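Chemist: First residue of the sequence shown: 1, per full-length UniProt numbering; consecutive thereafter.
Every residue, glycine too, gets a C-beta built ideally from N, C-alpha and C.
None of these values were measured; they are calculated from a predicted model.
Before I ask anything, let me first share the structure, which is written out below as C-alpha cells.
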Amino acid sequence: KVTLPRIGVMFLGEDPFIFARRVANALQVRRNTHQGLMYNLFIDSMPVEGVPMLAPEQLNRIMSLALNTNRVRHKSIDTTGIIDELNFEYSRTMNRVVFDKELESGQQNEMMKGIVAPPLMAVSSRSDSELDVPPHDWAQQYCLFNFNSFLTKGELILCIVKTKAENQRILGMSLFAPHPTKTTKPDEFEHMESQAIVAAAAYLKDTWLTSLKNSLRNGLKDVGKGWFNLNETKREVYDISKLKKFMTMINFMMQDTLRALTEESMESYSSFICGAVAYDVEIEDIGKVKNTRLGESKLKWPLFKLELILNADGTVDIGSNSVPIPFEKFVEMPLALFDKALASVSDIPQLEPMVVDQIFWSSKPILASVHQEEPGAKECRERMKRALEEALVPMRQYIERFEEFREILNVVPEEYVSSFLTEGINADSIRKKLTSLMDLKAGVEDRIPIFMQVGPFELSLDSIRTALQQRYQNLTNLFLSEVAVRTKHICDELNKRTEQSLKRLKASNDDLEGVSSLEDFLGELPEVVGELDADIKKTLASFELLDEYRFDYTKEDTKRRWATYGLTLKVSQAADYAVNVIKSDKERFEVEMLEQQEEFGSEISSITSIVNNFSKYSDITKVKEIGENVQSINEKLKEYVSRSQLFNSREIALGRSTTDYNSPPFELSKVQKNFEPYSNFWLAAAEYTSCQATWMDGKFNELDPESVDRIAQNCFRVVFKSTKLFDGKLEDLHATAVKLKDEMEDFRQYIPLVQALRQPGMRDRHWEALTETLGFELKPDDTFTLRKGLEELKLADQMDPIVKICDVAGKEFAIEQALDKMVNDWKGTELSVKEYRDTGTYVIGGWDEIFQLLDDNIVMTQAMTFSPYKKVFQERLDDWERGLKLCSDILEQWLACQRNWMYLEPIFSSDDIMKQLPTEGSKFRNCDKLWRKFLKLANEQPSCLLYTDTPELLSTFQTSYLILEQVQKGLSDYLETKRQSFARFYFLSNEELLEILSQTRDPLAVQAHLRKCFEAIDKLDFQGEGAGMTMVAMNSAEKEKATFESPVPVKGNVENWLSAVEAMMKRSVKMIAKQAADDYTKNPGGRKQWVQEWQGEGGGAG
C-alpha cells in the first residue's frame, strides 16, 4: 500500500502535458523554497554585534513621520521596543548585503555551495519617456480654473481658517469624562460619564454649531449677490452656485472633525476600561488574594468600589449602597455608556440649513458620524466586553468562597439550638460546641478583612464580617439561654418527682394493699434514687457550664440550684420513716383481716343454704319477684368471688398460707355452678313475661319486629334447655318450664304476622289491598294492639294473604328506596366549572366521577325495570332512565366539543390566523359565542341534572361539535398547504407551525423552531425593523456564525422568506468553502490557525 500526495496522481481524463508542467513547477517551487530557507538561515546566523545601527537623526525622522496622526499624537506611547526592532532589522539588512557580496564573489566554501539568493520583489519602474503636451492659452486656462474653483475670494479663505480653528478646538475635547484617578462607586462612575456625554453633545450641538454659523455668516455677509449669495431663496439657483460647493466642503470638514473626535474618544475610553480591568487574580483564600496588573493604566487603584451584601437566604451578592448589583451590570453599564456616547453625536445637524436659511429645507440633514456597527466601533466594544467579562470571572470565584458560610447564615437559630439539644443537656458536648462557635467567631476576624481587592473591584466585607461574628455570638448566647431555661425546667421536674416520692413515702395506709404498694415502692426506691442522683449531677454540671461563661441567672435560679442539690437527702430520710410505718401497719391490718375472714365464711354458708333451697320456687305468677331475687344472688356471688381473691392477695402480702375458697368447707365455685340453671331460667322467664305483656297490649305501631323476634327466640332457647335440665329432677319446676315453653311456642307463630304488618314499606294501597282481601278494614292506629288483632279480628287465620301482600310492600319499598338514594346522590353532584386561562370563559372538569355515577345509576335503573314489582314506579323509572340517558348523551357530546374548543381557542385568538383563515375563523367565532353562553349558565347553575335539562342543549353541542370538526379539518388542510410550500415545515408539529403562523408580524418568532427546520441553524441575525428588516447571518448551536453572501429581506409569507434563507444558506456555505480553500495556502498560521479561523463547513472542505 503506497500513499501518494494529490499532485503525484494523474487521472485518465487529465492532459499529460499539463500534469507534467504542474509536477515540474511544484518541484521548482520546492527547490526555490528550500534555497530561500537556507539563505535566510545563514543570514539569521550572522552576528549583529558590531554592525552599525541607525543614526539618531534617522530615528527621529522615522518616529516623527510615524506619530503624525491625531489618533496617536496625544498618546504617550513607549517606542523603545519599536526602536529596538528597527535597529535589529537594519543590522540584519546590512548582514544580508555582506552575504550577497560574498555569494557574488564566487569564493564560497563547501558549506555555502548551492545557496542562491531568492529573487527580490519586482518594483514597477517609472517610464522616463517624455509626454507630448499640447500648447494652451494661459489666459483662457486661468479663466476656466477661476470659473470652476470656489476659492476665489479672500472671505472664503478666512472662513475656512476660522472653521479649522473651531474644529481644532473640538479635537481637543472628549465625549467621555476625564479618566478617574481613584476608586469610585458604579453609580458615581455612570453618573459622571453620563454627565460628560450629555455636556459634550450639548457643546457640539449648541456652541460648536452656533460659533461656526456665526463665523460663516459674518464672513460672507459682505460678499453680496452672485456665487456666494447667503440670501438666495431659489433652491435650483443655490444648487449650482459656488456657495453650495463651499458648504459641502465645510460639511466634510465638520464630519471629519466629528469622526476624529468620536474615534479618539471611543479608543481612549475602551483603552482605559480594558487597562483598568486587566488583572491576573490568584485567590488563595477569602483574605488572601494576589492581584497583578496586566498592561499599563493611569488608574493605579481598583476601578469600582463595592460591598458584599448578605441576603435573607444566606447567599452573598455584590452591590453598592446596600443595593444588590447583578454581575451583568458591570458589563452592560460601561458598554451602555459607550453606546450612549456614539448615539449622542449621531443626530448633530449640518450647518448648511442654518447658514442658507432663506431656502425651505424639507428635512434637516445631519452630520455623518461613527456608527455602532462600524468595524472600529464594534472592535472597541467587543474588546471592552471581553475584558469586562474576564474581569468578572475572579469576582464570581471569590463570591463562591462565601458559600461555606451559607449554611450557618441560613439556619434558624432556635431550630439550630433545639436540634442540637434534642437528646437533652450534656454539659461536655455543649461546652465543645460553645468553644467551636467562639473559635469560629475569632476565625472570622482573622480570615475576613474589612476591605479586599479582587481585580478591578474593591470590596467592603465589613457587613458580612459583622453578620458572621454576630451570628456566632447570637448562637452562643442562645445556647446559654436555652441551657439556663432547660436547666430551670429540669430542676422543677426533679423537685416535682421528689415531692411525689416524698408524698408516697409519707402517705398513711388505709388497708393492707396500701402497705404492699408502699413496700413495692421501697423496693424500687434505690433505682429511683440512683436515677435522681444522676439527673441532679447533670443539672449541677449545667450550672457549672453557665458559671464558666459568666451567665447572669436570677436569684430564683440560684435557689433552685441548691434546692436540687439536697433532694437525695430528703428522699433517704423519708424512706427510713416509711420502713417503720410499714412494720406497725402490717401488725394492725393482720388482726383486722382474720376477723373479716371469719365473717366472710358465715356469709358463704348463708348463700350456700339459699341456693340449695332455691328449687322450691316454681310459681310462675311470682316470676317478677323471683327474677329480682335471682339478680340479687348473682351480684352477691360475684362480690364473694372478688372478696375471696382480695383475702388471698392479703394473705400473700402478710406471708401467710392462702385459703382455698373453692374447696370445703366453702366451695364457692360449686355454689355458682349449682345456681346457674335457676338463674338462667328465671331471668329468661322474667324478661319474656315482661316483654310479652308489652307486645300484646302495647301500641302496635310502636313495635319493633326485629326486637320482638330476637327476644322471643333467645328466651325460648333458654327455657327449652331448662326443661331438659329439670326433667326427672325437679318436677314442679319442670312443669313450670314446660308450661312457659308452650306459651312461647304459641306466641312465636304470631311473629311473622308482626313482621309483616310492621313492614316499613306499607302504604295506603297495601292497607286497602288487605282490607279488600280480609273483608274488613285493617289499618292499625294508636289504639290498635296485637291482642285486638288476634282475638277480635282473627288475623292469625288470615296469615298467608297478609304476609303475601306485606312481602310485596317490602319489595316495592326496596325499589322506592333505591330511586330515592339515586336522586339524593345527584342532588350533591355539581359540574366542576373552572375558569380557563385568560379567556373570560370556563371549562368543565371532574368528568370521571360524573360518568362513573351515570354508569352505575343507568345499570341499576335498568335492573329495576326488570323487577316484577316495578309497576307502581313504572312512570317514575321511565322518566328517571330517560333523564339519565339524556344527561349521558349531553355530557359525552359536551366533552368532545370541549376538546376541540380548547385546541382551537388559542389558535383563533391570534389576529394573524383569523386573517389567513377567515372562513374557519368565522365558524369558530359562532361556536365560541354559544360556548361562552352555555358555560356562563353552567357556572350560574352547576347542578348537573338540572342544567342538562336545558332545552336544545344536546342539539347545540352536536351542531357545535360538527362545525368545530370542519374548522379543524380546514386548519389541517391550511397547514398542509404551508408544508407543501416549504417542505421543511414537515419537521414541525402542528402546534409549532401554528405558533409561527400566528405571529407573522414578528419574524423573530421563528427563532425557537429553526433548529428543527434546519439541522445546523440555531439562530438567525436580523437587522433593521419593519419593512426594511433583513437577515444577515446564521448561527449554529455551537455559537459559530456564518455571514450570508447578501442580506435576505423579510418580505411576504414566512414560507417564502424561509425558502430564501434555505437558498442563501447553500450559496453562503459554498462561498465560505471557496474562501476557506483559497486561504488554505495563504494563511500564515498554518493549518491549525486556518481551522480555527474558518467555519466548520470550510474546515470540512479542507
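Have a look at D764, V808 and D619 and flag the residue whose alpha-carbon is nearest the alpha-carbon of A737.
Modeler: Sequence index remark: in the sequence shown, residue 737 carries index 737 (1-based). Considering only alpha carbons, the answer is D619.
Chemist: Along the chain, which unbroken stretches of the alpha helix (DSSP H) at least 4 residues long are found entirely within the region 790 to 859?
Modeler: If only uninterrupted alpha helix (DSSP H) runs of at least 4 residues are considered, those enclosed by the region 790 to 859 are 799 to 827.
Chemist: Using 7 Å as the threshold, is the C-beta distance between G172 and V281 below it?
Modeler: Taking the first residue of the sequence shown as 1, we reach residue 172 at position 172. Taking the first residue of the sequence shown as 1, we reach residue 281 at position 281. No, the pair does not count as a contact, with Cβ atoms beyond the cut-off.
Chemist: Count Cβ pairs between the region 822 to 841 and the region 867 to 877 that sit closer than 8 Å; are there 3 or more?
Modeler: No, the region 822 to 841 is not in contact with the region 867 to 877.
Chemist: Check whether the Cβ atoms of residue 1107 and R932 lie closer than 7 Å to each other.
Modeler: Residue 1107 falls outside the range modelled here, since the chain spans only 1 to 1102, and no answer is possible.
Chemist: Helix or strand or just coil, what does DSSP make of N1035?
Modeler: Walking along the sequence shown from the start, residue 1035 turns up at place 1035. In the structure shown, N1035 sits in a strand (DSSP, three-state: E or B).
Chemist: Look up V356 in the DSSP assignment and say whether it is helix, strand or coil.
Modeler: Position 356 of the sequence shown, counted from the start, is the residue given in the question as residue 356. Three-state result, V356: coil.
Chemist: Please classify Q1023 as buried or exposed, where buried requires at least 16 other C-beta atoms within 10 Å of its C-beta.
Modeler: Taking the first residue of the sequence shown as 1, we reach residue 1023 at position 1023. Flag for Q1023 reads exposed.
Chemist: Alpha carbons only, please: which of P16, K570, L306 and V444 is nearest the one belonging to M395?
Modeler: For this step, residue 395 is matched to residue 395 along the sequence shown. Nearest option by C-alpha distance: L306.
Chemist: If you draw a straight line from the C-alpha of D797 to the C-alpha of G698, how long is it?
Modeler: Counted from its first residue, the sequence shown places residue 797 at position 797. Counted from its first residue, the sequence shown places residue 698 at position 698. Rounded to whole angstroms, D797 to G698 spans 22 Å at the Cα level.
Chemist: Output the distance between the C-alpha atoms of S663 and E599, rounded to the nearest integer angstrom.
Modeler: One-based indexing of the sequence shown puts residue 663 at position 663. One-based indexing of the sequence shown puts residue 599 at position 599. For S663 and E599, the distance between alpha carbons rounds to 17 Å.
Chemist: By DSSP's criteria, D285 is part of a beta bridge. Which residues make up the other side?
Modeler: Stepping through the sequence shown from its first residue, residue 285 is reached at position 285. Per DSSP, K288.
Chemist: Who are the near neighbours of R383 in its chain, counting only those whose CB is closer than 7 Å to its CB and skipping five residues on each side?
Modeler: Walking along the sequence shown from the start, residue 383 turns up at place 383. Around R383: S270 and C274.
Chemist: State the CB to CB distance for the pair Y90 and L54, rounded to an integer number of angstroms; the pair is presumed to be in contact (CB under 8 Å).
Modeler: Counting from one through the sequence shown, the residue named residue 90 turns up at place 90. Counting from one through the sequence shown, the residue named residue 54 turns up at place 54. Sure, about 5 Å apart at Cβ, within 8 Å.
Chemist: My parser needs the alpha helix (DSSP H) runs of 4 or more residues fully inside the region 684 to 736; what are they?
Modeler: 705 to 726
Chemist: Can you name the start and end residues of the alpha helix (DSSP H) that D336 belongs to?
Modeler: Translated into the one-based positions of the sequence shown, residue 336 becomes position 336. It should be pointed out that residue 336 corresponds to Ala in this sequence rather than to Asp. Per DSSP, A336 belongs to the alpha helix (DSSP H) from K329 to S344.
Chemist: In chain order, what are the residue ranges of uninterrupted beta strand (DSSP E) at least 3 long that sit wholly in the region 409 to 475?
Modeler: 451 to 454 and 457 to 460
Chemist: Whose CA, out of V23, N218, D100 and V29, lies closest to the CA of I43?
Modeler: Stepping through the sequence shown from its first residue, residue 43 is reached at position 43. Among V23, N218, D100 and V29, the Cα nearest to that of I43 belongs to D100.
Chemist: Measure the C-alpha to C-alpha separation of R22 and D15 and round it to an integer number of angstroms.
Modeler: Along the sequence shown, read from residue 1 onward, the residue named residue 22 stands at position 22. Along the sequence shown, read from residue 1 onward, the residue named residue 15 stands at position 15. When rounded, the distance between both Cα atoms is 11 Å.
Chemist: On a CA-only basis, which of E1045, A1060 and S1046 is nearest G1052? Give me that one, please.
Modeler: Mapped onto the sequence shown, residue 1052 falls at position 1052. The candidate whose alpha carbon is nearest that of G1052 is A1060.
Chemist: Could you say which of P375, L230, G8 and L440 lies nearest to E404 if we only look at CA atoms?
Modeler: For the purposes of this step, residue 404 is identified with residue 404 of the sequence shown, where counting begins at 1. If we check each option's Cα against that of E404, L440 comes out closest.
Chemist: Rounded to the nearest angstrom, what separates K1082 and I283 at their Cα positions?
Modeler: Residue mapping note: residue 1082 aligns to position 1082 of the sequence shown, counting from 1. Residue mapping note: residue 283 aligns to position 283 of the sequence shown, counting from 1. Roughly 43 Å between the two C-alpha positions.
Chemist: Hey, out of C715, N629, T163 and G970, whose CA is closest to F675's CA?
Modeler: What you label residue 675 is simply residue 675 of the sequence shown in a count that begins at 1. For F675, the closest of C715, N629, T163 and G970 by C-alpha to C-alpha distance is N629.
Chemist: Figure out for me which residue from K1039, H1009, V485 and P1003 has the closest Cα to the Cα of M1031.
Modeler: Translated into the one-based positions of the sequence shown, residue 1031 becomes position 1031. Considering only K1039, H1009, V485 and P1003, the residue with the shortest C-alpha distance to M1031 is P1003.
Chemist: Could you check the C-alpha separation between D313 and R406 for me, to the nearest Å?
Modeler: By one-based count along the sequence shown, residue 313 stands at place 313. By one-based count along the sequence shown, residue 406 stands at place 406. Going from the Cα of D313 to the Cα of R406 covers about 8 Å.
Chemist: Quick one: what does DSSP say A1042 is sitting in, helix, strand or coil?
Modeler: Numbered from 1 along the sequence shown, position 1042 holds the residue referred to as residue 1042. Residue state, collapsed to three classes: strand.
Chemist: Would you mind stating whether V718 and A684 have Cβ atoms separated by less than 7 Å?
Modeler: Here the question's residue 718 lines up with position 718 in the sequence shown. Here the question's residue 684 lines up with position 684 in the sequence shown. Yes, the pair counts as a contact, with Cβ atoms nearer than the cut-off.
Chemist: Rounded C-beta distance between A177 and E193? I'm assuming under 8 Å.
Modeler: Here residue 177 is taken as the residue at index 177 of the sequence shown, counted from 1. Here residue 193 is taken as the residue at index 193 of the sequence shown, counted from 1. Confirmed, about 5 Å.
Chemist: With DSSP collapsed to three states, give me the class of S320.
Modeler: The residue labelled residue 320 in the question sits at position 320 within the sequence shown. S320 sits in a strand when the DSSP states are folded into three classes.
Chemist: Please go through the same chain and pick out, in chain order, the residues whose beta-carbon is closer than 6 Å to the beta-carbon of F17, but skip the five residues on each side of it.
Modeler: Position 17 of the sequence shown, counting from 1, holds the residue named residue 17. None.
Chemist: With respect to the beta strand (DSSP E) encompassing L1020, which residues constitute its N-terminal and C-terminal limits?
Modeler: Taking the sequence shown and counting its residues from 1, the one referred to as residue 1020 is at position 1020. K1019 to Q1023 is the extent of the beta strand (DSSP E) around L1020.
Chemist: When you compare each of K804, N990, Q874 and R1087 to K969 by their alpha carbons, which one comes out closest?
Modeler: Within the sequence shown, residue 969 is the residue found at index 969, counting from 1. Checked all of K804, N990, Q874 and R1087; the closest Cα to K969 is N990.
Chemist: I need the straight-line Cα distance from V116 to G36, nearest angstrom please.
Modeler: Residue 116 sits at position 116 when you count from the first residue of the sequence shown. Residue 36 sits at position 36 when you count from the first residue of the sequence shown. Looking at the two C-alpha atoms, the distance is approximately 7 Å.
Chemist: Quick check: what's the CA-CA separation for R1087 versus I7?
Modeler: Counting from 1 along the sequence shown, the entry for residue 1087 is found at position 1087. Counting from 1 along the sequence shown, the entry for residue 7 is found at position 7. Going from the Cα of R1087 to the Cα of I7 covers about 19 Å.
Chemist: Taking the alpha-carbon positions, what's the Y903 to G828 distance?
Modeler: Numbered from 1 along the sequence shown, position 903 holds the residue referred to as residue 903. Numbered from 1 along the sequence shown, position 828 holds the residue referred to as residue 828. Roughly 31 Å separates the two Cα atoms.
Chemist: Kindly list the residues whose CB is nearer than 7 Å to the CB of S124, restricted to its own chain and excluding five residues on each side of it in sequence; keep chain order.
Modeler: Stepping through the sequence shown from its first residue, residue 124 is reached at position 124. A caution first: S124 carries a pLDDT of 44, below 50, which makes its placement in the model too unreliable to give a value.
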